[in-house]
Each structure stands twice: as structure tokens, then as C-alpha cells.
Amino acid sequence: MKINEFELKEVAPGEWELKKQKGMKVAGKIFGTKQIVQHLVDDVKAGKSWSALPQIRNVAMLPGIQKASLAMPDVHPGYGFCIGGVGAFDAETGIIALAGVGYDINCGVRTHITPLKKKDVLKKQREILNALYNIVPAGLGSKGNIRLNQQEIDEVLVKGAEFVVERGYGTKEDLEYIESNGRVKGANPKFVSDLAKKRQFKQVGTLGSGNHYLEVQYVDEVYDKEAAKAYGLEKDQVIFSLHCGSRALGHQIGTDYTKFLAEASRKYKIKLPDKELVCAPFKSKEGQQYFSAVKCGINCAFANRQAIGHLARQAFKEVFGLKDKDMPLLYDISHNNAYLEKHIVNGKEKELIVHRKGATRAFGPGRKEIPKKYRKIGQPVLIGGTMGTSSYILHGTQKSMDKAFGSAAHGAGRIMSRHQAMRQWKGQTLQQSLAKKGILVRGHDWRGLAEEAPGAYKDVDIVINVLHKTGLSKKVVRVKPLVCVKG
Amino acid sequence: MTYEHFEHRADIGVRGIGKTLAEAFEEAGRAMFEVMTNIKKIKPAKKIEFEVQAENEVELLIEFLNRALGEADAEGIFLSKFKVTILNDGTPILAATAWGSKITSGTEIRTEVKAATLSQAKVEKKGNKFIAQCIVDV
Numbered sequence: 000m001k002i003n004e005f006e007l008k009e010v011a012p013g014e015w016e017l018k019k020q021k022g023m024k025v026a027g028k029i030f031g032t033k034q035i036v037q038h039l040v041d042d043v044k045a046g047k048s049w050s051a052l053p054q055i056r057n058v059a060m061l062p063g064i065q066k067a068s069l070a071m072p073d074v075h076p077g078y079g080f081c082i083g084g085v086g087a088f089d090a091e092t093g094i095i096a097l098a099g100v101g102y103d104i105n106c107g108v109r110t111h112i113t114p115l116k117k118k119d120v121l122k123k124q125r126e127i128l129n130a131l132y133n134i135v136p137a138g139l140g141s142k143g144n145i146r147l148n149q150q151e152i153d154e155v156l157v158k159g160a161e162f163v164v165e166r167g168y169g170t171k172e173d174l175e176y177i178e179s180n181g182r183v184k185g186a187n188p189k190f191v192s193d194l195a196k197k198r199q200f201k202q203v204g205t206l207g208s209g210n211h212y213l214e215v216q217y218v219d220e221v222y223d224k225e226a227a228k229a230y231g232l233e234k235d236q237v238i239f240s241l242h243c244g245s246r247a248l249g250h251q252i253g254t255d256y257t258k259f260l261a262e263a264s265r266k267y268k269i270k271l272p273d274k275e276l277v278c279a280p281f282k283s284k285e286g287q288q289y290f291s292a293v294k295c296g297i298n299c300a301f302a303n304r305q306a307i308g309h310l311a312r313q314a315f316k317e318v319f320g321l322k323d324k325d326m327p328l329l330y331d332i333s334h335n336n337a338y339l340e341k342h343i344v345n346g347k348e349k350e351l352i353v354h355r356k357g358a359t360r361a362f363g364p365g366r367k368e369i370p371k372k373y374r375k376i377g378q379p380v381l382i383g384g385t386m387g388t389s390s391y392i393l394h395g396t397q398k399s400m401d402k403a404f405g406s407a408a409h410g411a412g413r414i415m416s417r418h419q420a421m422r423q424w425k426g427q428t429l430q431q432s433l434a435k436k437g438i439l440v441r442g443h444d445w446r447g448l449a450e451e452a453p454g455a456y457k458d459v460d461i462v463i464n465v466l467h468k469t470g471l472s473k474k475v476v477r478v479k480p481l482v483c484v485k486g
Numbered sequence: 000m001t002y003e004h005f006e007h008r009a010d011i012g013v014r015g016i017g018k019t020l021a022e023a024f025e026e027a028g029r030a031m032f033e034v035m036t037n038i039k040k041i042k043p044a045k046k047i048e049f050e051v052q053a054e055n056e057v058e059l060l061i062e063f064l065n066r067a068l069g070e071a072d073a074e075g076i077f078l079s080k081f082k083v084t085i086l087n088d089g090t091p092i093l094a095a096t097a098w099g100s101k102i103t104s105g106t107e108i109r110t111e112v113k114a115a116t117l118s119q120a121k122v123e124k125k126g127n128k129f130i131a132q133c134i135v136d137v
């Protein structure tokens, strides 16, 4: 396919190469169906100012990029990086870019398993919906139950999920099943502004709004019995998942560092193909400072999800009489992040700063970062669908390590603006039509529900099938929603 | 002077239009808070003040909007009125006073704005009007 300066060729089933052109240091690589790629081409043809193909190309122009500028099958336009974008840079010679992390630092998904079956939840569906709605603070302006002072906020930024466990929200066992054990080292709170901390101290343990949610789901189909068994999953089993990030702290770190990195880009004479790709050499003082601030954001989000996960357990205790230990954590993943990781490039092990913007880490079997119980299978990859549709749990693979630095998609990807979604759907009507399908939804405002209508997103099944076919991750189970609290 | 929103696939565009650059910025601020609430119902009861500077006017707009967002959130308020002064002798500096009121259980809540971004950010003069716009990440 060719449009303007963009030339695309399917080099393997579901793998499209964006030909290296002037200025690019590496080629682009898009994982998708022909239709997904055609959609990207159509955006360029239509002259849309906001378009993913130029963003994939632009990331390929940045210093130190390794192998290829990647896009996962849920690709759509983002800020600087496309959503579904993965860019790995040599830690010695490469850069760290704000757009590769985004404002919602460590937005991610956390899933707990329960001993309940679908029929158990159907008997008390409204009760669990209301219990979750009441116990988990959500929506714009909501405040959390954990109130902190300045010193304690610094502890959250350093200790992450460990801090909230020490406060009684969960157990030490939970930490083993969080990516990076819920805490990345090297987070220095002095690199986070007082304004960010002032905003956050009331927000620890809140869900936020937009596309954030807390869902009760059941396993609808098992694709891989061995992997499902290792993960503790079986057909009809009930699980609950939440999707949220670092809240105001992450947003403030992003905005604080926009000007900082714009100045660094100028200082180090980095030619920016797009003004949104502000960055600094990773090893520079500025790059290391930003990375340390990002780590604070990462830890804050892990703390947040740990707190909410544990609050959700309390709702289940109240309605079903379960105990905390009946609801262990399956896994907690991040899909907006920059991690320092070791990967093989041209036969040699290298240290890379891997940016995943709306992309999930999907490490394959044997990696020491994966909990022992899952190491033979690979890392759980938790991919949320949209409100009222399926979500999936997959596992990471060696192929993903080889092709994509151990990465996979993160969700379905939007195809319609919020304005358009609100014109097409009404929140109340949506709630009623989902209820007819047996899915109870409660949100904090009707507009928010309409904005998140399933029709505003790509079909998640297509995204998942690309991951499975290309080997970036392999399907373990499909889950369907029973109850959804929308932020 | 006036503000408006413009379409965007995943997020929302905010645009301020004014007789002066400062007015356009003020209106862009109002457009941003209108995403989060009905600003007509927000009384100018509490005042905040801040200053930002940047390398150019586009970056200044983003700095201004993000600072307003951050300061308002820290105080637990929504803002509905702005008074902006811009000095530009090479490196633009902006001083802002903004008014709003506390978010309560009775406040209309719409969509949270995470940040103003450089995406489609523009500051320009069209005819006898100034326009300041950008996409806000929601």
C-alpha cells in the first residue's frame, strides 16, 4: 500500500513494514489486519492532521531507536507517539520521550480471581454493583479514603504498592503478582513538584473517570487449558478487573516536564520531527531526572490500584461473605510506561529504555520478571475490551520478545470522537440496552457512559486475533462482563 | 470574546477567541473548564493567582492551561473566570488571576481533563481576532 511518502508491505501474516524513508533511523512495523492498516492509510489520504502513520514514522527518527518503531493492532492516533506505540531506545545513546509515557503514567489493569461462579453473581448482581459503586471512589472530583500528609506522599512515590499494603490494604502476597512487584527502584520524590503532591494526597485509592472502570466478569471461554490452570482460571469462574492509573500526580508530572523536556531538546540540539516528541538523552541529567519522576508516577499508580483492588475485595466480602484470601491477585499490568529492560538486539544483549504508550508488556516464558508460578507459561497479559463487550487474558511469548521487545496491545482503540459518541448514544439508553443483555452498569454521569459506548471503539476480538496470529501473545481465556462501575 | 470546542477522535479541542491575545487565552481557559462542568453555574467565589513563562506563545498557552488545571485541582475548585496579562519582550510571561468555587456534591461533573497538550496547539491572529487552541487529553 502506498500513500504520499508512506509505503507499507505485509512482510509476514499480520506484520506490516513501513518502509524506511528519509530521516528515519529504522523502519516502522505495524501489527494488524489489512483493514486496520487501510484505516491508517485512509486517515493520511483524508489529510487528517491527527494521524498514526506520521507518528510511527516520527518516532523512528528519534536518536538511539532500536530495531523498529512499532505499533500494536489497537493502533490509533495519540500525542507524539501513536496509541499502541512501542519505541525502544539504547540506554547509552538514545532518548527518553514524554510522549512515549503520556500523562496517565502507569495506567494499567489489575485482575483478582474469586471462587464464585457466574450463577452466584447473577443471584446478587445489583447488590455487588451497588456495593462496588459505594465503596470505590470514582468520577471527577472524588476523594479517596487514604488521607496522606506530605511526608507520606513521598513514601507512596518511593514504595508504591508496598506502602498501601503496610497501611492494611492487601497482603505481601499481592506484591509478587504486580509488574515490578508494585515498586520500581530509583524513584526520587524531590523530582516531583509540590503541586503534583498536593493534588494527589486526596486521590490515592480513586478510580478517576474517562475510560477507567471496575468490572466483575466471568470466564466465558478457555482457549489454553494449561495456561488457564497456571493462572487459576476455569470456565464460568468470576473475576474482577479494574482499569486506572496514577491520577492527578501522573498528569501533573507530564505537564511539569513538558517545558523541562522542550528545553532539554533544544539544549541537546535534538531535532524534533513533531513538537510533541519533547525528550532528553536518557543518560543526561535531564533524562535521568524525568525518568526518576516517571518512576514516582509508576509507583503511585501501583499504590492506587492496590488500594482499589483491596477495597473491591471488601465489597465482595460484604455481599458474598468471602475472605480476602479467597480473592488473590491474578496480575497487575501497566500499559503507559517507560521501563529499563535487557533485550537481545543483533545477537547482543543491550540495555534499552522501552516506551509502551497504550501497549502492554508481554514477557515470554523464563523471564525472571515473571512470578515463579507463571514463569513456565509467560506473563499474564490483561486486555480490556469496552464497556459491555469481552475482555481477554493472554500470555506473553518468546516471539513477542523477538519481534516486539515483549509487547502486546492494551485494548480496543477508539474510532469515534466523544462528541460523536454523545450524539449517537444517550447514557440512559445505553444502560438500559446493556441491562437487557444481562450487564448492569453504573456511572458517575450519563455523558461519560455515552462517551464510552462500545460502538465508539474497534472490535477487540479483531485486535486479540492479530496478537494471537502474529504470536505477540497467546489467548488463555475470554471473559465477559456482568457488572461495570464506570469512573 | 468567546470560546468553543472542536471535534477530536479520542479527546476534545478547546478554542478561545478574543480581541486580544490575553482574551483568547482567558476564553481557552473557560473552554477547558466547560469540559469538566457547566461554568455558568460556577460562582467566582475563590481567587487564585499564578505566573508562567515559556519559550513561545504556543508553549505559553499550554503552560497556562495546565497550571490553571493543577492549581484548581489542588484547591478542589472549578474555575469559571480568568484575567490574563501577557508580556512578551522575546520570552513571553503570563500572569493570571482566576476565580471559581469549590466542587461539592451538587456540582455538575462532566469529563475530567488530564492535561492540555501541544496537539493541534495554535496561537494566531485571524483578521481582527486572536485565536488560542489546543487538544485536551481527557
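One line per chain: the protein sequences are A and B, in this order.
Last residue of the first sequence: 486 in numbering that gives the first Met the number 0, with the numbers rising by one and none dropped.
Last residue of the second sequence: 137 in numbering that gives the first Met the number 0, with the numbers rising by one and none dropped.
Ideal Cβ placement from N, Cα and C applies to all residues, glycine included.
Determine which residues share a DSSP beta bridge with residue i and list them.
i: His502 of chain A; result: Here chain A covers residues 0 to 486 and nothing more, so residue 502 of chain A does not appear.
i: Cys483 of chain A; result: A:Glu214 and A:Val440
i: Cys133 of chain B; result: B:Val13
i: Ile178 of chain B; result: The question about residue 178 of chain B has no answer here: the residues shown for chain B are numbered 0 through 137.
i: Gly90 of chain A; result: Looking at the sequence shown, residue 90 of chain A is not Gly but Ala. BP columns for Ala90 of chain A are empty, so no partner.
i: Ala96 of chain A; result: A:Cys278
i: Asn335 of chain A; result: A:Lys356
i: His467 of chain A; result: Its beta-bridge partners do not exist; DSSP assigns none.
i: Tyr373 of chain A; result: According to DSSP, Tyr373 of chain A bridges with nothing at all.
i: Trp98 of chain B; result: B:Lys46 and B:Lys80
i: His4 of chain B; result: B:Val13
i: Glu25 of chain B; result: Looking at the DSSP assignment, Glu25 of chain B forms no beta bridge with any residue, so it has no partner.
i: Ser406 of chain A; result: A:Arg360
i: His75 of chain A; result: A:Ile82
i: Phe5 of chain A; result: A:Ile2
i: Glu350 of chain A; result: A:Lys341
i: Arg477 of chain A; result: A:Glu220 and A:Tyr391
With DSSP run on the structure shown, which of helix, strand or coil describes residue i?
i: Phe200 of chain A; result: coil
i: Arg441 of chain A; result: strand
i: Ile134 of chain A; result: helix
i: Phe315 of chain A; result: helix
i: Pro114 of chain A; result: strand
i: Ala67 of chain A; result: strand
i: Ile29 of chain A; result: strand
i: Arg146 of chain A; result: coil
i: Val344 of chain A; result: strand
i: Ala59 of chain A; result: coil
i: Gly395 of chain A; result: strand
i: Thr108 of chain B; result: The sequence shown places Ile at residue 108 of chain B, rather than the Thr named in the question. Ile108 of chain B falls in the coil class under three-state DSSP.
i: Gln20 of chain A; result: coil
i: Ala120 of chain B; result: coil
i: Asp487 of chain A; result: For residue 487 of chain A there is no data in the structure shown, the boundaries of chain A being 0 and 486.
i: Pro53 of chain A; result: helix
i: Lys128 of chain B; result: strand
i: Gln378 of chain A; result: coil
i: Arg125 of chain A; result: helix
i: Leu39 of chain A; result: helix
i: Leu232 of chain A; result: coil
i: Ser432 of chain A; result: helix
So residue i and residue j are in contact, right, with Cβ under 8 angstroms, and what is the actual spacing, rounded?
i: His111 of chain A; j: Phe239 of chain A; result: 5 angstroms
i: Leu241 of chain A; j: Gln199 of chain A; result: At roughly 18 angstroms, the Cβ-Cβ gap does not stay under 8 angstroms, so Leu241 of chain A and Gln199 of chain A are not in contact.
i: Pro370 of chain A; j: Tyr176 of chain A; result: 6 angstroms
i: Glu275 of chain A; j: Thr116 of chain B; result: 7 angstroms
i: Gly84 of chain A; j: Val58 of chain A; result: 6 angstroms
i: Ala314 of chain A; j: Ala130 of chain A; result: 4 angstroms
i: Glu6 of chain A; j: Lys18 of chain A; result: 4 angstroms
i: Leu321 of chain A; j: Ala90 of chain A; result: With 8 angstroms as the limit, Leu321 of chain A and Ala90 of chain A do not qualify as a contact, their Cβ atoms being about 45 angstroms apart.
Check your understanding: Does the segment 291-308 of chain A come close enough to the segment 161-177 of chain A that 3 or more CB-CB pairs lie under 8 angstroms?
Key -> yes
Review point. Counting only runs that start and end within the segment 245-315 of chain A, where is the alpha helix (DSSP H) found for 4 or more residues in a row?
Key: Within the segment 245-315 of chain A, the complete alpha helix (DSSP H) segments of 4 residues or longer fall at 246-266, listed in chain order.
Review point. How do the segment 219-228 of chain A and the segment 266-286 of chain A stand: do at least 3 beta-carbon pairs fall below 8 angstroms, yes or no?
Key: Using a C-beta cut-off of 8 angstroms, the segment 219-228 of chain A makes no contact with the segment 266-286 of chain A, since fewer than three inter-stretch Cβ pairs fall below that distance.
Point to revise | Minimum length 3: unbroken beta strand (DSSP E) runs contained in the segment 154-201 of chain A | key: none
Check your understanding: For the 8 angstroms Cβ check, are there 3 or more pairs between the segment 248-261 of chain A and the segment 87-101 of chain A?
Key -> yes
Check your understanding: Should the segment 146-162 of chain A be called in touch with the segment 357-366 of chain A, which here means at least 3 C-beta pairs below 8 angstroms?
Key -> no
Review point. Would you say the segment 381-392 of chain A touches the segment 434-442 of chain A, given that touching needs at least three Cβ pairs under 8 angstroms?
Key: Yes: at least three Cβ pairs fall under 8 angstroms.
Check your understanding: If you pair each beta-carbon of the segment 122-134 of chain B with each one of the segment 36-54 of chain B, do three or more pairs fall below 8 angstroms?
Key -> no
Review point. Should the segment 23-43 of chain B be regarded as contacting the segment 75-94 of chain B, the criterion being three or more beta carbon pairs within less than 8 angstroms?
Key: yes
Check your understanding: Would you call the segment 50-57 of chain B and the segment 178-187 of chain A in contact, with 3 or more CB pairs under 8 angstroms?
Key -> no
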